[in-house]
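What follows is a set of notes on a single structure, which appears directly below.
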Amino acid sequence: MNTTKKEGFDLAMMKGLKKWRLYSLLAVLTIFLSGCGEEYLSTLTPAGQVGKEQFNLLLLSTGIMAIVIVVVLIIYVLAIVKFRRSKVGENVIPKQVEGSMTLEIIWTVIPILLLIVLAIPTVAYTYKHADVSGMTAVDAEGNKEAVTVNVTAKLYWWEFEYPDLGIVTSQELVVPTNEKVYFNLKAADVKHSFWIPTAGGKMDTNVENVNQFYLTFDKESAGLKDGVFYGKCAELCGPSHALMDFKVKTIDRKDFDVWAETMKTTEHVAQGELATSGEEIFTTSCIACHATSGAGTAGGVGPNLATFGDRNRVAGFMDLTEENVKNWINDPESHKPGNLMPQPEEINNGEKFSEEQLDALAEYLMGLSVEK
23 MNTTKKEGFD
33 LAMMKGLKKW
43 RLYSLLAVLT
53 IFLSGCGEEY
63 LSTLTPAGQV
73 GKEQFNLLLL
83 STGIMAIVIV
93 VVLIIYVLAI
103 VKFRRSKVGE
113 NVIPKQVEGS
123 MTLEIIWTVI
133 PILLLIVLAI
143 PTVAYTYKHA
153 DVSGMTAVDA
163 EGNKEAVTVN
173 VTAKLYWWEF
183 EYPDLGIVTS
193 QELVVPTNEK
203 VYFNLKAADV
213 KHSFWIPTAG
223 GKMDTNVENV
233 NQFYLTFDKE
243 SAGLKDGVFY
253 GKCAELCGPS
263 HALMDFKVKT
273 IDRKDFDVWA
283 ETMKTTEHVA
293 QGELATSGEE
303 IFTTSCIACH
313 ATSGAGTAGG
323 VGPNLATFGD
333 RNRVAGFMDL
343 TEENVKNWIN
353 DPESHKPGNL
363 MPQPEEINNG
373 EKFSEEQLDA
383 LAEYLMGLSV
393 EK
């Protein structure tokens, strides 16, 4: 008897543990899903015309799928309830409807109609969002009306060139609100994919050809967490694919024009003895790969650092602090495996940078700003 009770107790305990495992899983899933609605990152909170139209298409397709699931579930339940053996008996065979012309027409026509309902807006939006004819529009004085950005994806960072403005930046895209912004997308090494979840669907960046599309942004990003929207690489491109983020700062057109002019005219001058020392180290070790002027063209080996002090992240994913700047410079490979930034020994006569050198470099880099 005692053995039987013990076995029953153990069985009850096992069932209880399984329930708690399920509850724990649901709790973890709830925490995970709580991050899916963030305004700066989620496709469920569209921040522009393209994103809203794609979101509406998502709602339409979800609604159609939900209707199909509900109808099938109702038929399934009715069949189980109506023809259960306890109700109709053991030897009853329901009426056979195999080969029914009526049923064949119903389950052929209805899916076709549902596909048509889904296909019409899908095709319409596809052609609408692919229309980049406005990219070449000019005003009465012959100046381009729209902002065009040449996006180049690299392992593992993003370069943004504004060809009509003569400026280049990296890791942080700055765009005006309430107008179409056109993009020419390409990759410098392997295939990547340009994606700003709140603004619209992703577009591949290829080595062999240029893809084009446009996005719009309805609101300024200043009120968001970190003051920016988040952009991602949506194509598995290597060991640090998940760390290939960029930020999008949206401002009104007047502020954008001021920013663009500042980018073209700002000349960085080191302030203070420590920053001056950092500039000297930078000039001898880093300048071959990194530009510090926003004016120019794309094609740098490393990211343009003209706005480094204005960013909120180091290498796209670490908080912008002097400590993180030093950690990144001292060992980039451990933080972002597979990236092309050389280790300190390769650019500093075979030695690691000293703590004093790292302090000086961090001070200089944090001072590279066009907004402060």
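My numbering puts the first residue of the sequence shown at 23, with every later residue one more than the last.
Just so you know, even glycine gets a beta-carbon here, dropped at the ideal spot from N, CA and C.
Small disclaimer: the values here were computed from a predicted structure and weren't measured.
Residues of its chain near residue i, where Cβ-Cβ distance is below 7 angstroms and the 5 sequence neighbours each way are ignored
i      : result
GLY324 : CYS311, HIS312 and MET363
GLU75  : TYR147
ALA69  : THR220, ALA221, PHE239, ASP240, LYS241 and PHE251
GLN293 : GLY389
VAL154 : TYR204, GLN234, PHE235 and TYR236
ALA162 : none
PHE105 : PRO116
Minimum C-alpha distance to residue i - residue among the options
i      : options                           : result
GLU344 : LYS166, GLN379, ALA320 and TYR178 : GLN379
PHE375 : MET388, HIS357, ILE351 and ASP226 : ILE351
PRO359 : ALA328, HIS263, VAL114 and GLN293 : HIS263
SER315 : PHE330, LEU81 and ALA162          : PHE330
GLY249 : PRO366, VAL103, ARG333 and VAL169 : ARG333
ARG275 : THR158, GLU167, TYR62 and SER83   : GLU167
ALA15  : LYS109, PRO143, CYS259 and LEU187 : What the structure shows of the chain is the stretch from 23 to 394, and residue 15 is not part of that stretch, so it cannot be assessed.
PRO261 : ASN228, HIS357 and PHE105         : HIS357
CYS255 : MET285, GLU181 and GLY245         : GLU181
Beta-carbon spacing of residue i, residue j below 7 angstroms
i      : j      : result
TYR149 : ASN361 : no
ILE309 : GLY253 : no
GLY322 : GLN193 : no
SER243 : LYS271 : yes
LYS269 : TYR62  : no
THR227 : ALA152 : no
Own chain residues within Cβ distance below 8 angstroms of residue i, not counting five before or after
i      : result
TRP281 : VAL196, ILE273, VAL392 and GLU393
VAL119 : LEU125
ILE86  : LEU136, VAL139 and LEU140
GLY156 : GLU167, ALA168, LYS202, TYR204 and TYR236
Contact set for residue i: own chain, Cβ-Cβ below 6 angstroms, skip 5 residues either direction
i      : result
GLU257 : LYS213, HIS214 and SER215
GLU183 : ASN172, VAL190 and ALA320
GLU385 : LEU296, ALA297 and GLY300
ASN326 : VAL190, THR191, SER192 and ALA313
THR288 : VAL392
Residue i, enclosing alpha helix (DSSP H) - first and last residue
i      : result
LYS254 : Counting along the chain, LYS254 falls outside any alpha helix (DSSP H), though it belongs to the beta strand (DSSP E) covering 251–255.
ILE115 : Premise fails: ILE115 is in no alpha helix (DSSP H) and is neither H nor E.
ASP381 : 377–388
ASP279 : 275–287
Boundaries (first-last residue) of the beta strand (DSSP E) holding residue i
i      : result
PRO198 : 194–198
GLN234 : 233–237
GLU355 : Note, GLU355: premise wrong, no beta strand (DSSP E); alpha helix (DSSP H) at 354–357.
GLU181 : 179–184
ALA175 : 169–176
Any contact of the region 233–249 with the region 189–208, i.e. 3+ C-beta pairs under 8 angstroms? yes
Say whether the region 86–102 touches the region 132–144, bearing in mind that this needs 3 or more beta-carbon pairs closer than 8 angstroms, one atom from each stretch. yes
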